[in-house]
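Counting from 1, position 30 in the sequence shown corresponds to residue 30 in UniProt numbering; the numbering is continuous, with no gaps.
For glycine and all other residues, C-beta sits at the position ideal for the given N, C-alpha and C.
See below for the structure under consideration.
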Amino acid sequence: MQCSLMRLHGRIAVAGMISQYNLDQHEGIRNSLSVKGKIAYVEDIAEGLENGLAALVGMFSGHNVGKQEVVVARE
């Protein structure tokens, strides 16, 4: 799908989709779920449980970039 109202390679903030998953009739923007497979995201990974608190504090103070994760153990 192509939209002539948006710049090529432009960015759109998409949030709040989890509230729409189980609804029969979606509210607000109705096609936001169709972009899930096309989203590129950045992960900010903290290694070890001992770094979990610092990761949480950093997330709320704006120090992380993208999705904050704490890896406790790698398989």
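Handout entry: DSSP beta-bridge partners of glutamine 68
Key = According to DSSP, glutamine 68 bridges with Asp44.
Handout entry: Proximity of lysine 67 and glutamate 43 at Cβ, strictly below 7 Å
Key = Closer than 7 Å, so yes.
Exercise for the section: Determine the DSSP secondary structure at asparagine 51, reduced to helix, strand or coil. Expected result: In the structure shown, the three-state DSSP call for asparagine 51 is helix.
Exercise for the section: Note down the Cα distance separating arginine 7 from aspartate 24, rounded to an integer number of angstroms. Expected result: Near 31 Å, if we compare the C-alpha coordinates of aspartate 24 and arginine 7.
Exercise for the section: With a 10 Å radius around its C-beta and 16 neighbouring C-beta atoms as the bar for buried, classify alanine 46 as buried or exposed. Expected result: Of the residues assessed, alanine 46 falls on the buried side of the cut-off, its CB having 16 or more other CB atoms within 10 angstroms.
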